[in-house]
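So the structure is just underneath, and the comments pick up after that.
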DNA sequence: GTTGGTGCAAAATGTTTGCACGGGG
DNA sequence: CCCCGTGCAAACATTTTGCACCAAC
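Below is the structure:
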């Protein structure tokens, strides 16, 4: 099901801007609103930054992108077509590693059973230090 | 070791403002810069918000407070004297639950052994839905 | 008396909104 | 042709910075 149909099914229109924002997030893998905006500027006449914000919000409602909070505060979006994953962010070098949700299942299972808490794994970010940066 | 000594040991001065900011964070448990500022206004003539920011940054350097990212984007500080803990944030009702680091040891141990990643547990926040909000 | 810390105001940053025009359906 | 979506500019919220004065030591 392509973007056009996804939008029409909910009464929204397909515009070049919306396609570009989704393309940007898909191509970049991890993109802040500014990252996506910059990517678009490189290959199109330009999309206003406020349209990028509005579009990311819409795409997230549609379930086409998700966001997590990586580098402090800035929301980072990634396409929902990519498999859900946990992010490890290294404070030393800034490197971002992706980990399979299955690997943290022991923790999420514990939270569910012990605390009745249903964790949103796709939104989970673990800060720390990677192998090369550990003191 | 009290705040005065902690500061002097590193060449900083003790001021009423610094004591108040630390008091605010300790009393509130979880406090954004604005929360701390508001708490101080209630019992002292007033501390400028920019001083609150500068002081929180300093106290974090000294290891007297830590911060995590709870409600999207806003940094939330807590006193380092409180035992380190993981935060569970419910998207439904906003409730914040604290979990012992020992409980997530299976995950942090796995990250350390499988990925060489040393997780900062005190900074870890898990978003999801609590028992009463799960659909 | 020195020097670092604070208050104030302005700037920088990131995000949202009101409105009129233009393009998608 | 209608109305949603966009660009633009302004409003907004949050955090940072420059500078003169004041207080800690």
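Protein chains in written order, with this note's numbering: chain A, 891 to 1025; chain B, 891 to 1025. The C-beta atom is built at its ideal place from N, Cα and C for all residues, glycine as well. If you're wondering where the values come from, they're calculated on a predicted model, not measured in any experiment.
- Within the same chain, 1019, 1020 and 1023 come within 7 Å of residue 982 (chain B) by CB-CB distance, once the 5 residues on both sides are set aside.
- Under a 10 Å Cβ-count criterion, residue 1008 (chain B) is classified as buried, with 16 or more other Cβ atoms of the shown protein chains found around its own Cβ.
- Beta bridge pairing from DSSP links residue 967 (chain A) with A:921 and A:957.
- Rounded to the nearest angstrom, the gap between the Cα atoms of residue 928 (chain A) and residue 1011 (chain A) is 28 Å.
- In this model, residue 996 (chain B) and residue 911 (chain B) are separated by some 36 Å (Cα to Cα).
- Under the 7 Å criterion on CB atoms, residue 923 (chain A) is classed as non-interfacial with respect to chain B.
- Contact annotation: in the region 1014-1025 of chain B, residues whose CB is within less than 7 Å of a CB in chain A are 1014, 1016, 1017, 1018, 1019, 1020, 1021 and 1024.
- For residue 928 (chain B), the secondary structure class from DSSP, reduced to helix, strand or coil, is helix.
- The beta carbon of residue 1002 (chain B) is closer than 8 Å to those of 1008 and 1009 in its chain, skipping five residues each way along the sequence.
- For residue 1013 (chain B), the secondary structure class from DSSP, reduced to helix, strand or coil, is helix.
- C-alpha of residue 958 (chain A) to C-alpha of residue 924 (chain A): approximately 15 Å in a straight line.
- Excluding sequence positions up to five before and after residue 939 (chain A), its CB lies within less than 6 Å of the CB of 927, all in the same chain and listed in chain order.
- By the Cβ-count criterion, residue 917 (chain B) is exposed, with fewer than 16 other Cβ atoms from all chains shown falling within 10 Å of its own Cβ.
- Boundaries for residue 904 (chain B): no alpha helix (DSSP H) harbours it, and the DSSP string shows neither H nor E there.
- For the 7 Å CB-CB criterion, residue 979 (chain B) and residue 915 (chain B) do not form a contact.
- Look at the region 983-994 of chain B: the residues with a C-beta under 8 Å from a C-beta of chain A are 987, 989, 993 and 994.
- Only those residues of the region 906-939 of chain B whose C-beta falls short of 9 Å from the nearest C-beta of chain A would be listed, and there are none.
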